[in-house]
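What follows is one structure encoded as structure tokens, with my remarks underneath.
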Amino acid sequence: MPIAFVLINAELGAENELLNQLKNMASIKYVYVLYGAYDLVVKVEAPDNETLKRTISNNIRQLKNVRSTLTMTVIE
Numbered sequence: 319m320p321i322a323f324v325l326i327n328a329e330l331g332a333e334n335e336l337l338n339q340l341k342n343m344a345s346i347k348y349v350y351v352l353y354g355a356y357d358l359v360v361k362v363e364a365p366d367n368e369t370l371k372r373t374i375s376n377n378i379r380q381l382k383n384v385r386s387t388l389t390m391t392v393i394e
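Below, the structure written as structure tokens:
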């Protein structure tokens, strides 16, 4: 099962709104709000690489208050 961690920079003050939106997505397993260079970290698990790619590109990155992301794909 493909897994990725996505670090998210959010618009100022939008962290909790994004947290709630992300929690409702099917492939999202965990969402945490952070202090530091990034505002949220998301663990994504999908049945295949194509679904993982679509979840990140079409769902997470397209949310209104997402400024930028950094995706780390698990290899082992």
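Those letters in the sequence shown? Residues 319 to 394, per our numbering, in order. Beta carbons: idealized from backbone N, C-alpha and C, even for Gly. Since the structure is predicted, the reported quantities are computational estimates derived from the model, not experimental observations.
Rounded distance between the beta-carbons of residue j and residue i, thought under 8 Å
i: residue 340; j: residue 351; result: About 10 Å; that fails the 8 Å criterion.
i: residue 325; j: residue 388; result: 4 Å
Residues near residue i in its chain [Cβ-Cβ closer than 6 Å; skip 5 each side]
i: residue 312; result: What the structure shows of the chain is the stretch from 319 to 394, and residue 312 is not part of that stretch, so it cannot be assessed.
i: residue 332; result: 383
i: residue 319; result: 363
Contact set for residue i: own chain, Cβ-Cβ below 7 Å, skip 5 residues either direction
i: residue 329; result: 383, 385
Residue i versus residue j - alpha carbon distance
i: residue 362; j: residue 335; result: 18 Å
i: residue 365; j: residue 393; result: 15 Å
i: residue 342; j: residue 378; result: 11 Å
For residue i: DSSP bridge partner residues
i: residue 351; result: 358
Beta-carbon spacing of residue i, residue j below 8 Å
i: residue 327; j: residue 356; result: yes
i: residue 360; j: residue 346; result: yes
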